[in-house]
Amino acid sequence: MVQSTIDTAAVKKYLLDIQQSICDGLEQADGKAQFRTDEWDREKGGSGKTRVIGNGAVLEKGGVNFSHVFGDSLPPSATAGRPELAGAPFEVMGVSLVIHPENPFVPTSHANIRFFIAKPKDMNPVWWFGGGYDLTPYYGFDEDCRHWHETAKNACEPFGAGVYPRFKKWCDEYFFLKHRGEPRGIGGLFFDDLNEWDFETSFAFMRAVGDSYLKAYVPIIERRKNTPYGQREVDFQRYRRGRYVEFNLIYDRGTIFGLQSGVGRTESILMSLPPHVRFEYDWHPQPGTEEARLYTDYLRERDWV
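When you line the sequence shown up against numbering that gives the first Met the number 0, it's residues 0 to 304, in that order.
Structure follows, in structure tokens:
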């Protein structure tokens with residue numbers, strides 16, 4: 000970690016601003032529904048702004064959440080790779096979002112950007128950034144996947160040629176359901192424990208990721224939102240959403256941290272879960288169908304750009 004001036008106020012301002020910008024952009028893409036705001040504040044533990052949308056022309060359910068929480072002791076999920084920070088007081092702030100469109104041809108998307116600072120006794124504060132975004136299509140389109148990854152690559156390029164390949168690979172490895180032996184979707188970017196640069200550069204990278212989310216997602220919404228669909232496509236979408244639930248409840252670091260920390264807000268943490276899901280026993284798509292093509296062509300590690 001490079002020691003430099005830490006400006007938590009600037010990070011918080013950016014996070015609140017990008018939350019507003021993303022909500023504005025998604026409302027415009029939907030054209031009907033608007034986000035409602037639920038601000039919460041705890042006497043001890045922190046505060047946040049939960050913004051949720053639903054029953055829109057395009058968006059069946061979505062949430063774009065800001066939280067700023069404090070705790071007396073980092074939970075195990077945050078110190079597994081940092082045993083020297085076990086028991087340290089901490090502060091964390093971030094924006095996390097999940098969007099579940101109604102049309103099965105529009106992918107689910109997830110994004111998260113966050114800042115941690117731990118204050119272990121007799122040590123300098125230890126800070127790091129994390130985040131990224133990933134795409135979960137139900138029906139695959141090469142054009143959409145290329146656009147998503149090209150946008151991610153463009154966001155990373157000012158920070159070095161090796162940044163996108165490194166964080167793309169990390170995303171592929173992270174969003175993988177080990178018990179199923181399959182990816183959750185087609186990936187994107189994932190980074191954590193980022194403090195190898197100075198604070199200003201690390202913060203700039205987090206902003207680049209946050210600022211590129213709408214550029215990555217909204218054009219896909221626009222291309223697919225009017226695609227005709229029927230009950231077959233809805234059933235498959237809801238079946239695949241089950242994988243989303245499994246990942247978030249078993250592996251997702253943000254979910255686990257929020258529940259373990261004791262300072263998270265459960266309703267906000269679990270807003271990522273889709274509204275309608277199907278679980279089928281040992282179901283497999285028929286060979287040669289578009290549903291089967293999702294598995295053979297898209298749910299595997301690929302270089303999209």
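Ideal Cβ positions, reconstructed from N, Cα and C, are used throughout, including at glycine.
The alpha helix (DSSP H) that contains residue i, what's its start and end?
| i | result |
| --- | --- |
| K60 | Counting along the chain, K60 falls outside any alpha helix (DSSP H), though it belongs to the beta strand (DSSP E) covering L58 to G70. |
| Y13 | T7 to D29 |
| E289 | E289 to R292 |
| E142 | D141 to C155 |
With distances taken between CB atoms, is the gap from residue i to residue j smaller than 7 Å?
| i | j | result |
| --- | --- | --- |
| I219 | D143 | yes |
| R289 | Y173 | The sequence as given places Glu at residue 289; Arg does not occur at that position. No. Outside cutoff. |
| D133 | G186 | yes |
| S46 | D40 | yes |
| V105 | K224 | yes |
| A110 | L84 | no |
| A56 | D23 | no |
| Q259 | P74 | yes |
Less than 8 Å between C-beta atoms, sequence neighbours within five positions excluded: which residues of the same chain meet that for residue i?
| i | result |
| --- | --- |
| T156 | The question names Thr, yet the displayed sequence has Glu at residue 156. Around E156: V162 and Y163. |
| W147 | L134, I185, G187, A215, Y216, I219 and W303 |
| A9 | F202 |
| W126 | M0, I5, F114, F115, I116, A117, N194 and F198 |
For residue i, collect the residues of the same chain with a Cβ closer than 6 Å to its Cβ; drop the 5 residues on either side in sequence, then sort them by chain order.
| i | result |
| --- | --- |
| D191 | G129 |
| S108 | I98, L134 and Y216 |
| R113 | G93, G129 and G130 |
| E361 | With the chain covering only 0 through 304, there is no way to say anything about residue 361. |
Ignore the nearest five residues each way along the sequence and tell me which others in residue i's own chain have a CB closer than 7 Å to its CB.
| i | result |
| --- | --- |
| N247 | T254, S271 and L272 |
| S201 | F128, L193 and N194 |
Output the boundary residues of the beta strand (DSSP E) element that contains residue i.
| i | result |
| --- | --- |
| R50 | G45 to G53 |
| H109 | T107 to A117 |
| G159 | It is not in any beta strand (DSSP E) - G159 carries neither H nor E in the DSSP assignment. |
| V125 | V125 to T135 |
| M92 | F89 to P100 |
Assuming residue i and residue j are in contact, meaning their beta carbons sit under 8 Å apart, how far apart are those beta carbons, in whole angstroms?
| i | j | result |
| --- | --- | --- |
| H283 | R237 | Wrong, their Cβ atoms sit about 16 Å apart, outside the cutoff. |
| A154 | A207 | 5 Å |
| N64 | L96 | 7 Å |
| P182 | L293 | That belief does not hold up - the Cβ atoms of P182 and L293 are roughly 11 Å apart, past 8 Å. |
| K11 | H67 | 6 Å |
With respect to 6 Å, is the separation between the Cβ of residue i and the closest non-hydrogen atom of the ligand MN below this value?
| i | result |
| --- | --- |
| T135 | Annotation note on the ligand MN: not contained in the displayed structure, which lists no ligands. |
List, from N- to C-terminal side, the beta strand (DSSP E) runs of 3 residues or more that fit wholly inside the stretch 174–236.
186–193
Enumerated in chain order, which unbroken segments of the alpha helix (DSSP H) with a length of 4 residues or greater are wholly contained in the stretch 236–277?
252–260 and 265–268
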